[in-house]
Amino acid sequence: WAAGELPLEVEGPGRIDCHLYRQGSRLILHLVNLSGTSEWPGYLEELLPVGPLTVRLRCRAAAATARAVNTGALDVSLADGWATVTVPSVCDHELLVLEEQP
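Shown next as structure tokens:
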């Protein structure tokens with residue numbers, strides 16, 4: 001209720017910590033895989049890769065491109081003010097950059 005409508009949705013298996021930032025015309029999303037951690041503060045017991053993850057970001061652009069650090073260029077679909085990207089896998093950390101184009 002405090003945030004109103006959230007600008008981010010992530011669907012998929014595992015426990016993912018998400019941090020979304022805006023830098024000019026870019027949306028930068030950090031995806032941290034917390035699967036395999038115990039209760040907070042979280043001690044890593046083993047790396048359990050998760051995926052695929054479907055990421056939806058509120059996007060005001062007519063076109064957009066997306067890149068992930070570990071997988072490179074990703075397909076983006078735009079519909080109803082949302083950009084949808086599928087991240088194939090997250091082992092420990094993934095950085096997704098969505099570049100909005102007017």
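Position 62 (the sequence shown) corresponds to 62 in our numbering; numbering is contiguous.
Even for Gly, the Cβ is constructed at its ideal location relative to N, Cα and C.
Figure out for me which residue from the options has the closest Cα to the Cα of residue i.
i	options	result
Arg56	Ala2, Gln101 and Asp75	Asp75
Pro13	Thr86, Thr71 and Thr65	Thr86
Glu94	Asp80, Asn33 and Glu9	Asn33
Ala61	Gly24, Ile16, Asp17 and Leu6	Gly24
According to DSSP, is residue i part of a helix, a strand, or is it coil?
i	result
Gly72	strand
Asp17	strand
Arg26	strand
Ala64	strand
Glu5	coil
Glu46	coil
Ser35	coil
Ser77	strand
Between residue i and the rest of its own chain, which residues show a CB-CB distance below 6 Å, the 5 nearest in sequence each way excluded?
i	result
Thr65	Glu99
His19	His30
Ala73	Arg67
Tyr21	Ile28
Using C-beta distances below 7 Å, list every residue in its chain close to residue i, excluding the 5 sequence neighbours before and after it, in chain order.
i	result
Leu173	Lying outside 1 to 102, the shown extent of the chain, residue 173 is not represented and no answer is given.
Gly51	Gly12, Val87, Pro88, Ser89 and Val90
Apart from the five residues on each side of it in sequence, which residues of its chain come closer than 8 Å, Cβ to Cβ, to residue i?
i	result
Cys59	Leu27, Leu78, Gly81, Trp82, Ala83, Leu98 and Glu100
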